[in-house]
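Enquirer: Residue numbers (my numbering), protein chains in the order written: chain S, 1 to 276; chain R, 1001 to 1276.
The structure follows.
Dropping the structure here:
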């Protein structure tokens, strides 16, 4: 079963007056911030984000060999079919890494192919580290000067949101975006993400608030460069977190293989969904 | 300034009666579990783990170009000089990823070169994800059948320790090791890692206990395949966490550039250090 992710702004949509005919060219120029480029494209196409997940099982399902050539064929097929229809695609880095350096060359080519369709690419890498290592992850994936040339990437914050600040800085400089996992779609994440700080907030709530402060401090735009990942399977809890993220794009995975439906997202994120 | 990490067992050292002359061959065979191979080699060489951190700044400091060729020269030099002296080296994946697929080919070659010296390689990747994606990360980095052929890798647990179970399974199957970040050396990580669960334990304490349960359930060996990363800068707090991890190897970064000294580690981990 395919995996889809819903990507949208909440709760207020940034008003970017980009004429329909000019929207696509912003993808190439990469001068406007990611959030504005996304909103313009989502209006033209669809806000759904297509996951590119060439797992061993998926390659087998397509009758492809489990090697770099099979990986390339899978990604080419998916990008040619889907990329023109949506605002963004999300290749999962792990499925490229398991084929070694040759697999990462296919990741690079996949980003390039999607970009040729004017589609934004969110590299799902869930990276996170400190200091110069964080800088290196930002330099690896974000913007046209990076080797993988992603428009955005996902991040993991076990080392604290502050540890990711160097990546946020690179994202701002390059007009790229980041999505920090706040509340994941899997049940095993609940214990940690619901743990409480001394002030009573959960870990997820604290990260959401810190993202909002960082976005507001860095820019007067309605949407900042730091988005959040909120599992579609988390329902009302994720919707509550969305309220704490007024300046963030939201990436909502879990539709499809993980059991949530687009109807679930419409229900749980009702107030925000209407503003997509 | 160089970065060193201390890697050791706590609190009880597994008794592996490997004759000195035979220890190195276990590196190649990769049949014994990682922890036993590490302990045998640490007895012969040093338990210090040398970080391979070819940041932009480090390449500049060595007078090397900031490209894949400079990266290769840096890693070759460091491996030839240091790898024969220590039980393990720890290349930081981010510094290879920032050079794209060519950089990841250098990572592969660096692991190969260290392996040729009989040295164990811990890929510092801090990966973490769920389901088939977690499987893919394990398949990418762990064991001689993986493209990067690491002996161990570091993991991040924001999605819950349970989400990493597929990687633990691959580690066991391949005789490899993993190190989950429990308490990081940077100050920004404290808020999240000290957040409390309903039963009063901190997030870090809970992860430590879950690791101990998982190690004990999977094997009757004194040391399991799941180790932990505990920041040397966290002093007594990290030492308390070490007590909760009787079946884990401990990777203690923060010595050198981050301000902690080997004397700090000796003091804070006194009871455990004596058993290295």
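From the three backbone atoms N, C-alpha and C, an ideal C-beta is built for every residue, glycine too.
With H, G and I counted as helix, E and B as strand and the rest as coil, what does DSSP make of residue 1049/R?
Expert: One-based indexing of the second chain puts residue 1049/R at position 49. Of the three classes helix, strand and coil, the one that applies to residue 1049/R here is strand, per DSSP.
Enquirer: Give me the chain R residues within the contact set of residue 82/S, using Cβ-Cβ distance strictly less than 8 Å, ordered along the chain.
Expert: Counting from 1 along the first chain, the entry for residue 82/S is found at position 82. Residues of chain R passing the Cβ test: none, with the nearest at roughly 19 Å.
Enquirer: Rounded to whole angstroms, what's the CA-CA distance from residue 163/S to residue 63/S? Just pull it up for me.
Expert: If you number the first chain from 1, residue 163/S lands on position 163. If you number the first chain from 1, residue 63/S lands on position 63. Between residue 163/S and residue 63/S, the C-alpha separation is close to 42 Å.
Enquirer: Below 8 Å on the Cβ atoms is my contact criterion, and I expect residue 96/S with residue 71/S to pass it. Report the Cβ-Cβ distance as a whole number of Å.
Expert: Along the first chain, read from residue 1 onward, the residue named residue 96/S stands at position 96. Along the first chain, read from residue 1 onward, the residue named residue 71/S stands at position 71. Going by Cβ atoms, the distance from residue 96/S to residue 71/S rounds to 7 Å, so yes, they are a contact pair.
Enquirer: Which runs of the alpha helix (DSSP H) at least 4 residues long sit entirely within the segment 1086-1151 of chain R? Give them in chain order.
Expert: 1093-1097, 1100-1116 and 1131-1141, all fully within the segment 1086-1151 of chain R.
Enquirer: Let me know the secondary structure DSSP gives residue 81/S once reduced to three states.
Expert: By one-based count along the first chain, residue 81/S stands at place 81. The answer is helix: DSSP assigns residue 81/S an H, G or I state.
Enquirer: Please state the DSSP three-state secondary structure of residue 248/S.
Expert: Along the first chain, one-based indexing puts residue 248/S at 248. Looking at residue 248/S - three-state DSSP - the assignment turns out to be strand.
Enquirer: According to a CB-to-CB cut-off of less than 7 Å, which residues of the segment 54-68 of chain S neighbour chain R?
Expert: Hits within the stretch, in order: 55 and 57.
Enquirer: Report all residues from its chain with a CB closer than 7 Å to the CB of residue 1139/R; omit the five preceding and five following residues, and keep chain order.
Expert: One-based indexing of the second chain puts residue 1139/R at position 139. The answer, listed in chain order, is 1146 and 1170.
Enquirer: Would you please state the rounded distance, in angstroms, between the beta carbons of residue 1113/R and residue 1046/R? I believe it to be under 8 Å.
Expert: The residue labelled residue 1113/R in the question sits at position 113 within the second chain. The residue labelled residue 1046/R in the question sits at position 46 within the second chain. Wrong, their Cβ atoms sit about 19 Å apart, outside the cutoff.
Enquirer: Determine the extent of the alpha helix (DSSP H) in which residue 1241/R is found, giving its start and end residues.
Expert: Here the question's residue 1241/R lines up with position 241 in the second chain. Where residue 1241/R is concerned, the enclosing alpha helix (DSSP H) stretches over 1235-1243.
Enquirer: Does DSSP put residue 253/S in a helix, a strand or coil?
Expert: Locating residue 253/S in the first chain gives position 253, counting from the first residue. Residue 253/S falls in the strand class under three-state DSSP.
Enquirer: Name, in chain order, the residues that DSSP records as bridge partners for residue 202/S.
Expert: Within the first chain, the letter at position 202 stands for residue 202/S. Per DSSP, 196/S.
Enquirer: Hey, would you say residue 237/S sits closer than 8 Å to residue 1159/R, going by beta carbons?
Expert: Counting from one through the first chain, the residue named residue 237/S turns up at place 237. Counting from one through the second chain, the residue named residue 1159/R turns up at place 159. Result no, Cβ atoms of residue 237/S and residue 1159/R do not sit closer than 8 Å.
Enquirer: Does residue 1057/R pass the burial test, meaning 16 or more other C-beta atoms within 10 Å, or should it be called exposed?
Expert: Against the second chain, residue 1057/R aligns to sequence position 57. Counting Cβ neighbours within 10 Å, residue 1057/R comes out exposed, since fewer than 16 surround it.
Enquirer: Between residue 1095/R and chain S, is there a C-beta pair that is closer than 8 Å?
Expert: Residue 1095/R sits at position 95 when you count from the first residue of the second chain. Chain S, which has a Cβ nearer than 8 Å to the Cβ of residue 1095/R, makes this yes.
Enquirer: Could you tell me which chain R residues have their CB closer than 7 Å to the CB of residue 126/S, listed as they occur along the chain?
Expert: Here residue 126/S refers to the residue found at position 126 when the first chain is read from its first residue. Near residue 126/S (Cβ distances below 7 Å), the residues of chain R are 1128 and 1129.
Enquirer: Within a Cβ cutoff of 8 Å, which residues of the same chain sit near residue 185/S, ignoring the five residues on either side of it in sequence?
Expert: For the purposes of this step, residue 185/S is taken as the residue at position 185 of the first chain. Contacts found: 231, 232, 233, 234, 253, 254, 258 and 260.
Enquirer: Return the residue from the list 55/S, 121/S and 125/S that minimises the CA-CA distance to residue 151/S.
Expert: Against the first chain, residue 151/S aligns to sequence position 151. Answer by Cα proximity: 121/S.
Enquirer: Buried or exposed, going by whether 16 or more other CB atoms sit within 10 Å of the CB of residue 143/S?
Expert: In the first chain, counting from the first residue as 1, residue 143/S sits at position 143. It counts as buried.
Enquirer: Just the Cα atoms here: how many angstroms apart are residue 1055/R and residue 1089/R?
Expert: Your numbering for residue 1055/R matches position 55 in the second chain. Your numbering for residue 1089/R matches position 89 in the second chain. Rounded to whole angstroms, residue 1055/R to residue 1089/R spans 16 Å at the Cα level.
Enquirer: Which class does residue 1161/R belong to by DSSP, given the choice of helix, strand or coil?
Expert: The residue given as residue 1161/R occupies position 161 in the second chain. In the structure shown, residue 1161/R sits in a helix (DSSP, three-state: H, G or I).
Enquirer: Below 7 Å on C-beta distance, what does residue 92/S contact in chain R?
Expert: Taking the first chain and counting its residues from 1, one reaches residue 92/S at position 92. The answer, in chain order, is 1133.
Enquirer: Rounding to the nearest angstrom, what Cα-Cα distance links residue 1125/R and residue 1153/R in this structure?
Expert: Numbered from 1 along the second chain, position 125 holds the residue referred to as residue 1125/R. Numbered from 1 along the second chain, position 153 holds the residue referred to as residue 1153/R. Straight-line Cα distance between these residues: approximately 6 Å.
Enquirer: Alpha carbons only, please: which of 37/S, 202/S, 119/S and 67/S is nearest the one belonging to residue 84/S?
Expert: Sequence index remark: in the first chain, residue 84/S carries index 84 (1-based). Closest by alpha carbon: 119/S.
Enquirer: Just mark residue 149/S as buried or exposed, buried being the case when its beta carbon has 16 or more other beta carbons within 10 Å.
Expert: Mapped onto the first chain, residue 149/S falls at position 149. Residue 149/S is buried by the Cβ-count criterion.
Enquirer: In angstroms, rounded to a whole number, what distance separates the CA positions of residue 1228/R and residue 1251/R?
Expert: Indexing the second chain from 1 puts residue 1228/R at position 228. Indexing the second chain from 1 puts residue 1251/R at position 251. When rounded, the distance between both Cα atoms is 6 Å.
Enquirer: Closer than 7 Å: is that where the CB of residue 1135/R sits relative to any heavy atom of the ligand SAH?
Expert: Among the components of this structure there are no ligands whatsoever, and the ligand SAH is therefore not found.
Enquirer: Is residue 227/S helix, strand or coil by DSSP?
Expert: Along the first chain, read from residue 1 onward, the residue named residue 227/S stands at position 227. In this structure, residue 227/S counts as strand in the three-state DSSP scheme.
Enquirer: Taking residue 1223/R as the reference, give the member of 1005/R, 1136/R and 1038/R with the closest Cα.
Expert: The residue labelled residue 1223/R in the question sits at position 223 within the second chain. Answer by Cα proximity: 1038/R.
Enquirer: Could you tell me whether the Cβ of residue 206/S comes closer than 8 Å to any Cβ of chain R?
Expert: Indexing the first chain from 1 puts residue 206/S at position 206. Yes, residue 206/S lies at the interface with chain R (some Cβ there is under 8 Å from its Cβ).
Enquirer: Whole angstroms is fine: what's the gap from residue 92/S's alpha carbon to residue 1263/R's?
Expert: In the first chain, residue 92/S corresponds to position 92, counting from 1. In the second chain, residue 1263/R corresponds to position 263, counting from 1. Those two C-alpha atoms are separated by around 42 Å.
Enquirer: To which residues of the same chain is residue 1245/R closer than 7 Å at the C-beta, ignoring the five residues directly before and after it?
Expert: Counting from 1 along the second chain, the entry for residue 1245/R is found at position 245. Result list for residue 1245/R: 1010, 1208, 1211, 1212 and 1228, in chain order.
Enquirer: Quick one: which chain S residues come within Cβ less than 7 Å of residue 956/R?
Expert: Any question about residue 956/R goes unanswered here, given that chain R covers just 1001 to 1276.
Enquirer: Under a Cβ-count criterion, where at least 16 other Cβ atoms within 10 Å of its own Cβ denotes burial, should residue 61/S be classed as buried or exposed?
Expert: The sequence position of residue 61/S within the first chain is 61, counting from 1. Residue 61/S should be labelled exposed.
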